[in-house]
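A short worksheet on the structure shown next.
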Amino acid sequence: MIELKNIIKTFGEKRVIDDISLSIKQGEVVAVIGPSGGGKSTFLRCINFLTPPDAGSIEIDSKKVTERNIKKVRSNIGMVFQNFNLFPHMTVSENIIYPQIKSFNKTQKSAELVCSDLLKKVGLSGYETKYPQALSGGEKQRVAIARSLAMKPSIMLFDEPTSALDPEMVREVLDIIRGLAKTKITMIIVTHEINFAKELADRVLFFDHGRVVEDLPKKQFFTSSKSDRVKWFLSKVL
Amino acid sequence: MFDSSTLYILQGAAVTLKYTFLAVFFGAIIGTLVAVCRISKIGVLKYFSIIYISIFRGTPLLIQLSMVYFILPMYGVKITIFIAGITAFSLNSAAYIAEIIRSGINSVDKGQFEAARSLSIPYYNSMKDIILPQAFRNILPALVNEVVNLLKETAIISVIGEVDLMRRAQIVSSETYDYFTPLFTAAIAYYVLVVIFSTLAKIVENKIKLQ
Chain U
23 MIELKNIIKT
33 FGEKRVIDDI
43 SLSIKQGEVV
53 AVIGPSGGGK
63 STFLRCINFL
73 TPPDAGSIEI
83 DSKKVTERNI
93 KKVRSNIGMV
103 FQNFNLFPHM
113 TVSENIIYPQ
123 IKSFNKTQKS
133 AELVCSDLLK
143 KVGLSGYETK
153 YPQALSGGEK
163 QRVAIARSLA
173 MKPSIMLFDE
183 PTSALDPEMV
193 REVLDIIRGL
203 AKTKITMIIV
213 THEINFAKEL
223 ADRVLFFDHG
233 RVVEDLPKKQ
243 FFTSSKSDRV
253 KWFLSKVL
Chain D
41 MFDSSTLYIL
51 QGAAVTLKYT
61 FLAVFFGAII
71 GTLVAVCRIS
81 KIGVLKYFSI
91 IYISIFRGTP
101 LLIQLSMVYF
111 ILPMYGVKIT
121 IFIAGITAFS
131 LNSAAYIAEI
141 IRSGINSVDK
151 GQFEAARSLS
161 IPYYNSMKDI
171 ILPQAFRNIL
181 PALVNEVVNL
191 LKETAIISVI
201 GEVDLMRRAQ
211 IVSSETYDYF
221 TPLFTAAIAY
231 YVLVVIFSTL
241 AKIVENKIKL
251 Q
């Protein structure tokens with residue numbers, strides 16, 4: 023359960039997140055859509071304090087997130103970035119094993135087991151010794167997802183996971199995310215893939231000018247949103 | 041192959057290299073510490089390193105060396121040419137190396153820091169195993185440049201009496217009244233050292249890139 027209250031974030035003069043309050047249930051799959059610059063990514067980054075909010079409070083499982091306990095909180099939140107952010111000087115398996123050992127004090131052996139298990143899950147068995155630069159964008163993103171999953175998080179944040187991919191690689195990444203949506207993991211997905219949101223999400227948030235313009239279960243969102251802004255947006259992208 | 045005075049000058053190369061490598065070695069250690077202080081959020085450390093870098097880059101190396109060698113003995117600190125040289129060169133080089141390392145850290149993609157943070161990797165580990173190795177690749181050319189500069193600048197040590205390449209060339213000149221040959225010999229020796237070093241660095245650079 024994630025509970026946000028009156029979150030505000032300002033960059034210079036611009037209020038990027040303008041007083042957002044909402045709660046997300048365990049296991050819920052939330053799609054966040056809206057125009058660029060509407061605050062979607064910042065919203066996501068506020069949740070794990072990569073961008074600490076200026077005001078407001080965030081509670082995860084009834085515990086307030088602060089700068090002090092953020093390390094512990096983050097160990098429960100996987101994050102997948104638009105640009106993958108794999109460690110380029112480490113092999114695929116090192117990318118997945120290293121954080122397990124340094125952040126979670128796992129043994130090399132158990133970390134390796136988790137690694138090969140996850141690589142299988144994302145369809146990349148046999149890629150262990152390759153370096154990121156030898157992979158396609160879609161493969162990189164799948165490794166990045168495996169790396170996050172190795173933490174066994176109960177929350178996954180996806181920041182436009184397919185935006186930097188060639189069109190033919192979008193599907194392989196979406197397939198992985200689709201598989202995850204069936205599990206108990208809470209997922210918040212910032213995306214431009216409206217059809218994907220339509221298929222996968224339990225709930226859709228529409229962001230514009232730092233505010234949640236619409237917050238509806240998927241069905242209502244696509245069929246009976248009353249907001250003109252949402253209707254206009256959907257008419258352009260669908 | 042060489043006559044005795046040429047040989048005498050060339051033997052100075054060992055002296056020059058000794059100063060260069062020791063100064064780079066200590067300079068790199070001090071420089072890394074200063075760089076880490078420079079990006080630290082702790083005010084005292086940050087401002088100490090800013091002032092340090094500013095002073096050592098803002099005054100001539102010749103003055104720094106002279107101060108170490110001539111002023112310290114006035115306050116009872118006995119100091120040899122060798123120690124004075126290594127001290128001045130290391131402290132000076134550290135200021136430049138600190139700036140190089142800082143720019144290297146800044147050149148690493150912000151996403152790398154964010155990925156490390158989102159994976160809860162401790163700061164020390166992410167610095168040591170993720171950020172600095174990538175920074176090092178980016179700054180290798182600049183570091184080589186600094187070593188090459190230092191190698192040439194060690195010629196200043198001749199001013200306080202060390203018999204390095206430069207000083208030997210001067211000695212031979214004043215004995216033979218021939219300035220052309222000795223100075224040319226020394227210049228060629230410096231040049232060859234720089235070329236050898238740059239070539240080695242290029243090989244290492246390519247090797248790192250291939251990984």
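Residue numbers (this note's numbering), protein chains in the order written: chain U, 23 to 260; chain D, 41 to 251. The C-beta atom is built at its ideal place from N, Cα and C for all residues, glycine as well.
Where the alpha helix (DSSP H) containing residue i begins and where it ends
i         : result
LYS94(U)  : 92-96
GLU35(U)  : First-last for GLU35(U): undefined, no H or E at that position.
ASP237(U) : Per DSSP, ASP237(U) belongs to no alpha helix (DSSP H); it is in the beta strand (DSSP E), 233-239.
MET191(U) : 189-203
ILE118(U) : 114-126
ALA53(U)  : Unbroken run through ALA53(U) is the beta strand (DSSP E), 51-55; no alpha helix (DSSP H).
ASP83(U)  : Segment: none, ASP83(U) is in no alpha helix (DSSP H) and carries neither H nor E.
LYS253(U) : 250-259
GLY7(U)   : With chain U covering only 23 through 260, there is no way to say anything about residue 7(U).
LEU212(D) : Per the sequence shown, the amino acid found at residue 212(D) is Val instead of Leu. Element bounds for VAL212(D): 205-216.
ALA133(U) : 130-143
SER106(D) : 101-106
Chain-ordered neighbours of residue i on chain U, where CB pairs are closer than 8 Å
i         : result
ILE141(D) : In chain order: nothing, as chain U lies at least about 17 Å away.
LEU183(D) : None at all; the shortest Cβ gap to chain U is about 17 Å.
PRO173(D) : HIS111
PRO100(D) : Residues of chain U passing the Cβ test: none, with the nearest at roughly 39 Å.
Listed by chain order, chain D residues near residue i by CB distance under 8 Å
i         : result
SER185(U) : What SER185(U) touches in chain D: nothing, since even the nearest Cβ is about 14 Å away.
MET173(U) : LEU159 and SER160
Chain-ordered chain U contacts of residue i [CB-CB under 9 Å]
i         : result
ASN165(D) : TYR120, LYS124 and SER125
PRO162(D) : LYS93, LYS124 and SER125
ILE126(D) : None at all; the shortest Cβ gap to chain U is about 33 Å.
Residue i - partner residues in DSSP beta bridges
i         : result
ALA68(D)  : Answer is none; ALA68(D) lacks a bridge partner.
ILE30(U)  : ASP40(U) and ALA77(U)
ILE258(D) : There is no way to answer for residue 258(D), as the model of chain D reaches only from 41 to 251.
LYS220(U) : Paired residue(s): none; LYS220(U) is not in a bridge.
THR194(D) : Partner(s): none; THR194(D) has no beta bridge.
ILE46(U)  : ILE24(U)
Short Cβ contact (8 Å threshold) for residue i with residue j
i         : j         : result
PHE65(U)  : ILE42(U)  : yes
ILE121(D) : VAL148(D) : no
GLU194(U) : GLY160(U) : yes
LYS220(U) : LYS240(U) : yes
VAL95(D)  : ALA138(D) : The amino acid at residue 95(D) is misidentified as Val; the sequence shows Ile. No, the pair does not count as a contact, with Cβ atoms beyond the cut-off.
PHE66(D)  : ILE126(D) : yes
VAL226(U) : VAL165(U) : no
ALA186(U) : ASN105(U) : yes
PHE229(U) : VAL102(U) : no
VAL108(D) : GLU202(D) : no
ILE82(U)  : ILE39(U)  : no
PRO154(U) : LEU108(U) : yes
MET191(U) : SER97(U)  : no
VAL234(U) : VAL252(U) : no
ALA124(D) : LEU101(D) : no
LYS27(U)  : SER79(U)  : yes
ALA68(D)  : LEU233(D) : no
ASP72(U)  : GLU186(D) : As written in the sequence, residue 72(U) is Leu, which differs from the Asp given in the question. No, Cβ-Cβ distance for LEU72(U) and GLU186(D) is not below 8 Å.
VAL74(D)  : ALA134(D) : yes
ILE79(D)  : ILE145(D) : yes
GLU237(U) : LEU44(U)  : It should be pointed out that residue 237(U) corresponds to Asp in this sequence rather than to Glu. Yes, the pair counts as a contact, with Cβ atoms nearer than the cut-off.
TYR48(D)  : ILE197(D) : no
LEU141(U) : SER132(U) : no
Element boundaries [beta strand (DSSP E), containing residue i]
i         : result
MET178(U) : 177-181
LEU227(U) : 225-230
ILE161(D) : Unbroken run through ILE161(D): none, as it is neither H nor E.
VAL148(D) : Here VAL148(D) belongs to no beta strand (DSSP E), and DSSP marks it neither H nor E.
THR46(D)  : Taken as a continuous stretch (DSSP letters only), THR46(D) belongs to no beta strand (DSSP E), being part of the alpha helix (DSSP H) at 44-50.
THR64(U)  : Note, THR64(U): premise wrong, no beta strand (DSSP E); alpha helix (DSSP H) at 62-69.
VAL269(U) : Absent from the model: residue 269(U). The displayed extent of chain U is 23 to 260, so no value can be given.
VAL212(U) : 208-212
Under 9 Å from the C-beta of residue i: neighbouring residues of chain D
i         : result
PRO75(U)  : Going along chain D, no residue has its Cβ under 9 Å from PRO75(U), so there is no contact; the nearest lies around 16 Å.
PHE103(U) : GLY151, GLU154, ALA155 and SER158
ARG96(U)  : ARG157, SER158, LEU159 and SER160
heavy atom of the ligand FAD below 7 Å from residue i C-beta
i        : result
SER79(U) : Of ligands this structure carries none, so the ligand FAD is not represented either.
7 Å Cβ cut-off: residues of chain U touching residue i
i         : result
ILE170(D) : PHE109
Within chain D, partners of residue i - CB distance below 7 Å
i        : result
LEU72(U) : GLU154, ARG157 and SER158
Would you call the segment 204-211 of chain D and the segment 104-114 of chain D in contact, with 3 or more CB pairs under 8 Å? no
Using 8 Å as the threshold, is the segment 201-220 of chain U in touch with the segment 45-64 of chain U, meaning 3 or more CB pairs across them? yes
If you pair each beta-carbon of the segment 116-130 of chain U with each one of the segment 168-179 of chain U, do three or more pairs fall below 8 Å? yes
Quick check: the segment 83-97 of chain D against the segment 169-183 of chain D, are there 3 or more CB pairs under 8 Å? no
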